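Have a look at the structure below before the remarks.
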Amino acid sequence: MIVAFVCMALWMGFRIVASGGNSPTEQPTKSPPTITGGNNSLPNPVLNREGSSTSHTVVIVIVPILVVVILLAIGCTILLYKRSKKAVHDNDRSKSLESLQFELRTIKEATDEFSDANKLGQGGFGSVYKGRLPNGQEIAVK
């Protein structure tokens, strides 16, 4: 909003001066527009636009640069946010996988020494057995 205000003021030939606060104020650098009249019912305003082509060129150069900088800042912020969120998620996943490691003795007790009665099936990498841990949780072991 402020950028649009500043650009419009520069395009119209106003000079932007920073006041005591953070908000820019506009001060006219030219005399007020003169009105030429005749017998027409509506007056024709004639504006003195010295240097307006320079101001117009400055606006044409600055606005796209500002837009690109703002878009890059937004893109970097989103990218950093997604990376940090993914790192936290991956860290949680590795912690949960670590908690799935049991001693062989515990697994043998849960599957009744890998008995055929607890065999669920045969996969490409070996047999799958069902079991029950001492806390009552049912598991599948490959």
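Note that the sequence shown covers residues -19 to -1, 1 to 123 in mature numbering (1 follows the signal peptide of the UniProt record, and there is no 0).
Heads up, the beta-carbon is just placed ideally off N, CA and C, and yes, glycines get one too.
Because the structure is a prediction, the values reported are computed rather than measured.
Within the continuous alpha helix (DSSP H) that includes residue i, where are the two ends?
i, result
"Glu90", "85 to 91"
According to DSSP, simplified to helix, strand and coil, what is residue i?
i, result
"Gly104", "strand"
"Gly112", "strand"
"Ser96", "coil"
"Leu81", "coil"
Quickly, what does DSSP pair residue i with across the bridge? List them, please.
i, result
"Val49", "None, per the DSSP bridge assignment."
"Ala121", "Lys111"
Near residue i, what residues of its chain come up, given a Cβ to Cβ distance below 8 Å and the 5 sequence neighbours on each side ignored?
i, result
"Val109", "Lys100, Leu101, Gly102, Gln103, Ala121, Val122, Lys123"
"Lys67", "none"
"Leu60", "none"
"Asp93", "Asn99, Gly112"
Write down the C-beta distance between residue i and residue j rounded to the nearest angstrom, noting that I regard them as a contact closer than 8 Å.
i, j, result
"Ala91", "Gly112", "3 Å"
Tell me which residues share the same chain as residue i and place their Cβ nearer than 6 Å to its Cβ, disregarding the 5 neighbours each side in the sequence.
i, result
"Ser65", "none"
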